[in-house]
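Here the structure is laid out as structure tokens; the discussion comes afterwards.
Number of protein chains: 2
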Amino acid sequence: MMNWPRTFSRRPALARRQAAFDPSASIEDLREHIKHFWAGFGPVQTGVDVQPVLISAIRGEWVVPESATGRRVILYFHGGGFIAGSPESHRALISRLAHAASARALVPQYRLAPEFPYPAALRDAADAYRWLLTQGITPANIVFAGDGSGGGLVFATLLALRNAGLPLPAGALCFSPWADMTLSGWSMLKNKANDDALSWELLATCARHYLKGASPAEPFASPLYGDFRGMPPIMIHAGSLEVLKDDASRLGERAAAANINVNVEVYEGMPHLFQGLPELPESKVSLTRAAAFIKARTPDVALRRAAQ
Amino acid sequence: MMNWPRTFSRRPALARRQAAFDPSASIEDLREHIKHFWAGFGPVQTGVDVQPVLISAIRGEWVVPESATGRRVILYFHGGGFIAGSPESHRALISRLAHAASARALVPQYRLAPEFPYPAALRDAADAYRWLLTQGITPANIVFAGDGSGGGLVFATLLALRNAGLPLPAGALCFSPWADMTLSGWSMLKNKANDDALSWELLATCARHYLKGASPAEPFASPLYGDFRGMPPIMIHAGSLEVLKDDASRLGERAAAANINVNVEVYEGMPHLFQGLPELPESKVSLTRAAAFIKARTPDVALRRAAQ
Numbered sequence: 324m325m326n327w328p329r330t331f332s333r334r335p336a337l338a339r340r341q342a343a344f345d346p347s348a349s350i351e352d353l354r355e356h357i358k359h360f361w362a363g364f365g366p367v368q369t370g371v372d373v374q375p376v377l378i379s380a381i382r383g384e385w386v387v388p389e390s391a392t393g394r395r396v397i398l399y400f401h402g403g404g405f406i407a408g409s410p411e412s413h414r415a416l417i418s419r420l421a422h423a424a425s426a427r428a429l430v431p432q433y434r435l436a437p438e439f440p441y442p443a444a445l446r447d448a449a450d451a452y453r454w455l456l457t458q459g460i461t462p463a464n465i466v467f468a469g470d471g472s473g474g475g476l477v478f479a480t481l482l483a484l485r486n487a488g489l490p491l492p493a494g495a496l497c498f499s500p501w502a503d504m505t506l507s508g509w510s511m512l513k514n515k516a517n518d519d520a521l522s523w524e525l526l527a528t529c530a531r532h533y534l535k536g537a538s539p540a541e542p543f544a545s546p547l548y549g550d551f552r553g554m555p556p557i558m559i560h561a562g563s564l565e566v567l568k569d570d571a572s573r574l575g576e577r578a579a580a581a582n583i584n585v586n587v588e589v590y591e592g593m594p595h596l597f598q599g600l601p602e603l604p605e606s607k608v609s610l611t612r613a614a615a616f617i618k619a620r621t622p623d624v625a626l627r628r629a630a631q
Numbered sequence: 324m325m326n327w328p329r330t331f332s333r334r335p336a337l338a339r340r341q342a343a344f345d346p347s348a349s350i351e352d353l354r355e356h357i358k359h360f361w362a363g364f365g366p367v368q369t370g371v372d373v374q375p376v377l378i379s380a381i382r383g384e385w386v387v388p389e390s391a392t393g394r395r396v397i398l399y400f401h402g403g404g405f406i407a408g409s410p411e412s413h414r415a416l417i418s419r420l421a422h423a424a425s426a427r428a429l430v431p432q433y434r435l436a437p438e439f440p441y442p443a444a445l446r447d448a449a450d451a452y453r454w455l456l457t458q459g460i461t462p463a464n465i466v467f468a469g470d471g472s473g474g475g476l477v478f479a480t481l482l483a484l485r486n487a488g489l490p491l492p493a494g495a496l497c498f499s500p501w502a503d504m505t506l507s508g509w510s511m512l513k514n515k516a517n518d519d520a521l522s523w524e525l526l527a528t529c530a531r532h533y534l535k536g537a538s539p540a541e542p543f544a545s546p547l548y549g550d551f552r553g554m555p556p557i558m559i560h561a562g563s564l565e566v567l568k569d570d571a572s573r574l575g576e577r578a579a580a581a582n583i584n585v586n587v588e589v590y591e592g593m594p595h596l597f598q599g600l601p602e603l604p605e606s607k608v609s610l611t612r613a614a615a616f617i618k619a620r621t622p623d624v625a626l627r628r629a630a631q
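Protein chains in written order, with this note's numbering: chain C, 324 to 631; chain R, 324 to 631.
Here it is as structure tokens:
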């Protein structure tokens, strides 16, 4: 774990404090509420081309920075509590990550709850990976990435692919993952007053829409309860102020218990998905380290051979 | 399900509203906090004799009303979130139930967390049942009963005894059971403003002390995730205002799915464990119906034979 200087002095700039949560809010209200969270993500990285793409039965987009090498691909699952978000809502963040990692990113528009509850998102995520393989991309050149619920989806998809006997990607990267629908991390309570973005109430509501009666401890919904044997190397970044902090640390423990190479970094004084806020020095550090992880996991073997 | 007239007009008399919950409260503070809940339970039923007893390795007490028939026994597990409570704290409530059911009640002082985390309480509860059998009491004359966490313990113990191949008691009775350490019932959020006694914060803290790292979806900790096949008939009473309301209804669904005879009664306008408040008409109704269930499950076969 790494610690960074406290940055409480910058917190007013991040202020997104929630109004009292109304459990009878409509799904439209919820989506409107969540949408504000992405408003501060800033502009899409310059020099990045965005191309719509049909991934099997679902839509999605390629995010292609000028720096992209031919082979390296990030399969990115956006967050939004499984009820909101899209490739577009997360485009600015993904474009910065892709640029830093010199990689193309494929961003599937997986189906959302409550219209399409669990396991629709998981099926779409696994299908997107299979589709990538049919395009001639090899697993060794793919890294999964995601934020929030998309971070949980990274691990749920890895569990499903491993159980299906498919070759796994070269690495898994998560920003502030939500991997436990039972919301049992102690930070859920300890950071209640510190988290401007998420709350137990909001996450419990998302979980209800996504699960629609499925068990919250089902590993394909809450990969924290899955068995991590056979997973590729993992990097997880979270903020010390967020209610999901312990999802990051417990994922780390879970992976380490299965002898998986895992790196959890908790950024002191940082809120949920601070990487979305481009002006923060911590965002730049996190993205730089994430990009280094992606590059290290997907060395350009062809280029290296050519140089020999 | 039965519905009773709303009794909001009586709510001020039940007022036990909590102060803002402090997640760093010491265990002593928590116990002090919880203790106030039992202050309104009123006096012990007149004509009830209380006898201390050593149950295998733990202490406990017999609560023996004058009305008790020789054979019928309630094995009662008190509530308190697995971190508080005792035979003494619940004596008034248990004495009224025992009196109404014409039954002796055995109340084990099972070990509490965090000093003795999961599964200590479960072991003590199962041991108390085994001890009863060694005293010559037959399973057909025993009904399990409990409230809150003790209600969850009723089902966890039944799961453990069934899996061990032991004969099960004749019935299971619960007041406001807590059967889900993942706190995933929708009422946890919907009744947040209505529940004067319990909250997600308090229960999450109790769960943390009890589980000490065990999975919150482990069936022996959260029997809602267990398989109810082979259970005896079940009666569950809860209040419509409590955050645990959906633990009651989901237990009912779980039992019904296993073809178990189950009766869930939600008392409209009632708070958590309203049976503790002797002046409420609903308390009298609930206790009368609970007693009728206990009697029906444990007919005095010897007496009936003698009358033939």
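Cβ atoms here follow ideal geometry from the backbone N, Cα and C, with glycine treated the same way.
Discussion item. Which residues in chain R have a C-beta closer than 9 Å to the C-beta of residue 524/C? List them in chain order.
Written reply: Counted from its first residue, the first sequence places residue 524/C at position 201. Neighbours of residue 524/C on chain R, chain order: 512, 515, 523.
Worksheet item: From residue 385/R to residue 411/R, what distance separates their C-alpha atoms?
Response: As a first step, residue 385/R is located in the second sequence; it is residue number 62 there, counting from the start. As a first step, residue 411/R is located in the second sequence; it is residue number 88 there, counting from the start. Counting only the Cα atoms, residue 411/R lies some 11 Å from residue 385/R.
Discussion item. Can you tell me whether residue 358/R is buried or exposed? The criterion is at least 16 other CB atoms within 10 Å of its CB, across all chains shown.
Written reply: Residue mapping note: residue 358/R aligns to position 35 of the second sequence, counting from 1. Counting other Cβ atoms within 10 Å of its Cβ, residue 358/R stays below 16 and is therefore classed as exposed.
Practice prompt. Starting from residue 384/C, trace the beta strand (DSSP E) both ways and give me its first and last residue.
Written response: As a first step, residue 384/C is located in the first sequence; it is residue number 61 there, counting from the start. Note, residue 384/C: beta strand (DSSP E), 381 to 388.
Worksheet item: With a cut-off of 8 Å, does the C-beta of residue 330/R fall near any C-beta of chain C?
Response: Along the second sequence, read from residue 1 onward, the residue named residue 330/R stands at position 7. Confidence at residue 330/R is low in this model, with a pLDDT of 36, below 50, so its placement is unreliable and no value can be given for it.
Worksheet entry | DSSP-derived helix/strand/coil call for residue 561/R | One-based indexing of the second sequence puts residue 561/R at position 238. Looking at residue 561/R - three-state DSSP - the assignment turns out to be strand.
Discussion item. Relative to the C-alpha of residue 427/C, which candidate in 399/C, 589/C, 496/C has its C-alpha closest?
Written reply: Residue 427/C sits at position 104 when you count from the first residue of the first sequence. Nearest option by C-alpha distance: 399/C.
Item to complete: Measuring only between beta-carbons, confirm whether residue 622/R sits less than 8 Å from chain C.
Response: Taking the second sequence and counting its residues from 1, one reaches residue 622/R at position 299. Residue-level contact by beta carbon fails for residue 622/R and chain C, as no gap is shorter than 8 Å.
Worksheet item: Which chain C residues sit within Cβ distance under 7 Å of residue 361/R?
Response: Within the second sequence, residue 361/R is the residue found at index 38, counting from 1. Within chain C, no residue comes near residue 361/R; the closest Cβ sits about 24 Å away, beyond 7 Å.
Worksheet item: Can you give the Cα-Cα distance for residue 370/C and residue 500/R, rounded to whole angstroms?
Response: Walking along the first sequence from the start, residue 370/C turns up at place 47. Walking along the second sequence from the start, residue 500/R turns up at place 177. A straight line joining the alpha-carbon of residue 370/C with that of residue 500/R spans about 59 Å.
Worksheet item: What number of angstroms, rounded off, separates the C-alpha of residue 435/R from the C-alpha of residue 406/R?
Response: Residue numbering aside, residue 435/R sits at position 112 when the second sequence is read from its first letter. Residue numbering aside, residue 406/R sits at position 83 when the second sequence is read from its first letter. Their Cα atoms are separated by approximately 5 Å.
Practice prompt. Compare the C-alpha of residue 481/R against each of 622/R, 390/R, 466/R and name the closest.
Written response: Counted from its first residue, the second sequence places residue 481/R at position 158. Per the Cα distances, 466/R.
Worksheet item: Under a Cβ-count criterion, where at least 16 other Cβ atoms within 10 Å of its own Cβ denotes burial, should residue 650/R be classed as buried or exposed?
Response: Absent from the structure is residue 650/R, since the part of chain R shown begins at 324 and ends at 631.
Worksheet item: Buried or exposed: residue 459/R, going by 16 or more other Cβ atoms within 10 Å of its Cβ?
Response: Sequence index remark: in the second sequence, residue 459/R carries index 136 (1-based). Classification of residue 459/R: exposed, given that the 10 Å Cβ count is below 16.
Discussion item. Any beta carbon of chain C sitting closer than 8 Å to that of residue 538/R?
Written reply: Taking the first residue of the second sequence as 1, we reach residue 538/R at position 215. Cβ-Cβ to chain C under 8 Å: yes for residue 538/R.
Worksheet item: Taking buried to mean at least 16 other C-beta atoms within 10 Å of its own C-beta, is residue 503/C buried or exposed?
Response: As a position in the first sequence, residue 503/C is number 180, starting the count at 1. By the neighbour-count criterion, in which 16 or more other beta carbons inside 10 Å mark a residue as buried, residue 503/C falls on the buried side.
Practice prompt. Measure the C-alpha to C-alpha separation of residue 598/C and residue 498/C and round it to an integer number of angstroms.
Written response: Taking the first residue of the first sequence as position 1, residue 598/C is located at position 275. Taking the first residue of the first sequence as position 1, residue 498/C is located at position 175. Each residue's alpha carbon lies about 8 Å from the other.
Discussion item. Taking the alpha carbon of residue 536/C as the reference point, which residue from 548/R, 449/R, 611/R has its own alpha carbon closest?
Written reply: Stepping through the first sequence from its first residue, residue 536/C is reached at position 213. Looking at the Cα atoms, 548/R is the closest of the given residues.
Item to complete: If I'm right that residue 551/C touches residue 578/C with Cβ under 8 Å, what's the distance once you round it to whole angstroms?
Response: Residue numbering aside, residue 551/C sits at position 228 when the first sequence is read from its first letter. Residue numbering aside, residue 578/C sits at position 255 when the first sequence is read from its first letter. Yes, residue 551/C and residue 578/C are in contact; Cβ-Cβ is about 5 Å, under 8 Å.
Worksheet entry | Start-end ranges of the beta strand (DSSP E) lying completely within the stretch 383 to 466 of chain C, minimum 3 residues | Listed in chain order, the complete beta strand (DSSP E) runs (minimum 3 residues) inside the stretch 383 to 466 of chain C are 396 to 400, 427 to 431.
Worksheet item: Taking Cβ positions only, does residue 527/C come closer than 8 Å to chain R?
Response: Here residue 527/C is taken as the residue at index 204 of the first sequence, counted from 1. So, interface residue.
Worksheet entry | Neighbour flag for residue 346/R against chain C, beta carbons, 8 Å | Here residue 346/R corresponds to residue number 23 of the second sequence, with the count starting at 1. Yes, because at least one Cβ of chain C sits closer than 8 Å to the Cβ of residue 346/R.
Worksheet item: What residues of chain R sit near residue 533/C, judged by a beta carbon separation below 7 Å?
Response: The residue labelled residue 533/C in the question sits at position 210 within the first sequence. Neighbours of residue 533/C on chain R: none; closest Cβ ~12 Å, over 7 Å.
Worksheet item: Taking the alpha-carbon positions, what's the residue 706/C to residue 367/C distance?
Response: Because chain C is modelled from 324 through 631, residue 706/C falls outside the range shown and cannot be assessed.
Worksheet entry | Residue-chain proximity (residue 618/R, chain C), Cβ-Cβ < 8 Å | Counting from one through the second sequence, the residue named residue 618/R turns up at place 295. Contact with chain C is absent for residue 618/R, since none of that chain's Cβ atoms lies less than 8 Å from the residue's Cβ.
Worksheet item: Which ranges would you report for the alpha helix (DSSP H) in the stretch 463 to 519 of chain C if only whole runs of at least 4 residues count?
Response: Positions of the alpha helix (DSSP H) runs, each at least 4 residues long and wholly inside the stretch 463 to 519 of chain C, are given as 472 to 486, 510 to 513 in order along the chain.
Discussion item. Beta carbons nearer than 7 Å to chain D: which residues of the stretch 443 to 476 of chain C have them?
Written reply: You won't find chain D in this structure, because its protein chains are C and R.
Practice prompt. Under 7 Å between beta-carbons, which chain C residues line up against residue 441/R? List them in chain order, please.
Written response: In the second sequence, counting from the first residue as 1, residue 441/R sits at position 118. The premise fails here: residue 441/R is roughly 13 Å from chain C at the closest Cβ pair, so nothing lies under 7 Å.
Fill in: Proximal residues, the stretch 487 to 507 of chain R versus chain C, C-beta separation under 8 Å
Against chain C - using a Cβ distance shorter than 8 Å - the residues of the stretch 487 to 507 of chain R are 504, 505, 506, 507.
Discussion item. Taking CB distances under 8 Å as the criterion, tell me whether residue 385/R reaches chain C.
Written reply: By one-based count along the second sequence, residue 385/R stands at place 62. With 8 Å as the cut-off, residue 385/R does not count as an interface residue toward chain C.
Practice prompt. For the beta strand (DSSP E) holding residue 371/R, just list the boundary residues, first then last.
Written response: To locate residue 371/R, count along the second sequence from 1; it is residue 48. Residue 371/R -> beta strand (DSSP E) spans 371 to 378.
Item to complete: Return the residues of the stretch 543 to 571 of chain C that lie within a Cβ-Cβ distance of less than 8 Å from chain R, sorted by chain order.
Response: Here the close residues are 548.
Fill in: Own chain residues within Cβ distance below 7 Å of residue 595/R, not counting five before or after
The residue you call residue 595/R lines up with position 272 of the second sequence. Take residue 595/R, set aside five residues on each side of it, and the residues of its chain with a beta-carbon closer than 7 Å to its own are 499, 518, 520, 521, 562, 565, 567, in chain order.
Worksheet item: So who's on the other strand from residue 588/C, going by DSSP bridges?
Response: The count along the first sequence starts at 1 and reaches residue 588/C at position 265. Residue 588/C is bridged by DSSP to 560/C.
Discussion item. Counting C-beta neighbours from all protein chains within 10 Å, is the total for residue 602/R 16 or more, i.e. buried, or is it exposed?
Written reply: Mapped onto the second sequence, residue 602/R falls at position 279. Under this definition residue 602/R is an exposed residue.
Fill in: N-terminal and C-terminal residue of the alpha helix (DSSP H) that residue 566/C is part of
For the purposes of this step, residue 566/C is identified with residue 243 of the first sequence, where counting begins at 1. Counting along the chain, no alpha helix (DSSP H) covers residue 566/C, and no H or E run does either.
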